[in-house]
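Trainee: All residue numbers for the sequence shown refer to the working numbering, where the first residue is 12 and numbers rise by one. All C-beta atoms in this analysis are idealised placements derived from N, C-alpha and C, irrespective of residue type, glycine included. No experiment lies behind these values; they were computed from the predicted model shown. I have a structure I would like to understand better, so I am pasting it below and will then ask my questions one at a time.
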Amino acid sequence: MTDPAAPAFSPLNDLEVLLMAASSGGADERAAFEAAVPTSKLWAVVAEEDAARDTLRLRTVTPRDGRPATAIFTAKERALAVFGEDAAAEAFDGRALLEVIRVNPAILNPGQPYGVSWPPAALSAMVGAPLPPPDARWPTHLAMPKETPEGLVEGLKREFAADPSVKAAWLALARWSDSEEAGFYLDVRMPQGEAQLPGLMERALKDVGLDARLDAGVRAPEAPAGIGLEIVAPRD
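This is the structure we're talking about:
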């Protein structure tokens, strides 16, 4: 936690109130703040050169240790204060954002009077998930796709909405830990796990000319909302 400093910092939301309390408080205040981070809205800034190409790099900062860290923020105003009024600041579900950036360090509110530096282990602890193995294939960036291959969204919606075991699904633009090439990631909620997924994917993609990577993952229905285009709205 950083200490209060000029310029004055007036909280813009409940998370910032907890951040300020954690900065001057003890273990209970820090625990309350860290518990609130995954359930809150967080902001990040898409790099200018990637925003124009529909890719997914988030802006980073380089602290004194020299290792780039993802810059995340408690409010849009904090992001614009650091990267400028024209910065491409986007809001994310806190847990979803932490899950996709947690393989790298992150700094909350860099350049602001109140902030936090988190190593990958701390980010993983906040979302209750272990760090993936170094050689694992892992989506490192997810974002709302601006364009999709013809028929892809329609096919996914048709097949996944018709299967009652699918409780929700989102399609995101993606990058992975094992490749610099952008593609798509389908984030599915279904209680039975992955057993029915191959058949659904085969039928959904039957008439789609897909020339980009498409990975899919399954999580339990009670998992937090995903990032991207809503393929199946959350349902019971």
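List the endpoints of the continuous alpha helix (DSSP H) containing Ser35.
Mentor: Taken as a continuous stretch (DSSP letters only), the alpha helix (DSSP H) holding Ser35 covers 25-35.
Trainee: Please list, in chain order, all residues of the same chain as Val219 whose beta carbon is under 7 Å from its beta carbon, the five residues on each side excluded.
Mentor: Result list for Val219: Pro160, Gly162, Leu163, Gly166, in chain order.
Trainee: Going by the DSSP bridge assignment, what does Pro264 pair with across the sheet?
Mentor: A query on residue 264 cannot be resolved here, the shown segment of the chain reaching from 12 to 247 and no further.
Trainee: Which residues in the same chain as Ile118 place their Cβ atom closer than 8 Å to its Cβ, once the five residues preceding and following it in sequence are excluded?
Mentor: Hits under 8 Å: Val72, Pro74, Ala80, Thr81, Ala82, Ile83, Gly126, Val127, Ser128, Trp129.
Trainee: Would you call the stretch 90-98 and the stretch 133-141 in contact, with 3 or more CB pairs under 8 Å?
Mentor: The stretch 90-98 vs the stretch 133-141: no contact.
Trainee: Which of the three DSSP states, helix, strand or coil, is assigned to Gly126?
Mentor: Coil.
Trainee: Only counting the same chain, and skipping five residues up and downstream in sequence, which positions put a Cβ closer than 6 Å to that of Val243?
Mentor: Hits under 6 Å: Phe171, Ala172, Val177, Ala179, Ala180.
Trainee: Unbroken beta strand (DSSP E) runs of length 3 or more, entirely within the stretch 47-97: which are they?
Mentor: Qualifying beta strand (DSSP E) stretches, in chain order: 52-57, 80-84.
Trainee: Going by Cα to Cα distance, which pick from Arg106, Leu240, Gly239, Ala215 is closest to Ala140?
Mentor: Per the Cα distances, Arg106.
Trainee: Buried or exposed for Ser34, going by 16 or more other Cβ atoms inside 10 Å?
Mentor: Buried, since its Cβ has 16 or more Cβ neighbours within 10 Å.
Trainee: Where do the ends of the beta strand (DSSP E) carrying Leu221 lie?
Mentor: That residue, Leu221, is in no beta strand (DSSP E); it is neither H nor E in DSSP.
Trainee: In whole angstroms, what separates the C-alpha of Pro202 from that of Arg230?
Mentor: C-alpha separation (whole angstroms): 8 Å.
Trainee: Just to confirm, is the Cβ distance from Ala55 to Arg68 under 7 Å?
Mentor: Against a cut-off of 7 Å, the Cβ pair of Arg68 and Ala55 comes out as no contact.
Trainee: Cα-Cα, which of Glu192, Asp198, Gln123, Val199 is closest to Arg224?
Mentor: Nearest option by C-alpha distance: Glu192.
Trainee: Write down the C-beta distance between Ala183 and Pro156 rounded to the nearest angstrom, noting that I regard them as a contact closer than 8 Å.
Mentor: Rounded, the Cβ-Cβ distance is 7 Å, consistent with contact.
Trainee: Measuring straight from C-alpha to C-alpha, what distance separates Leu29 and Val48?
Mentor: One C-alpha to the other measures close to 9 Å.
Trainee: Considering just the uninterrupted stretch of the beta strand (DSSP E) at Phe103, what are its terminal residues?
Mentor: First-last of the beta strand (DSSP E) with Phe103: 99-104.
Trainee: Could you tell me which residues DSSP puts in a beta bridge with Arg200?
Mentor: Paired residues: Ala179, Arg230.
Trainee: When the Cα of Ile112 is compared with those of Ala98, Gly194, Trp149, which residue comes out closest?
Mentor: Checked all of Ala98, Gly194, Trp149; the closest Cα to Ile112 is Trp149.
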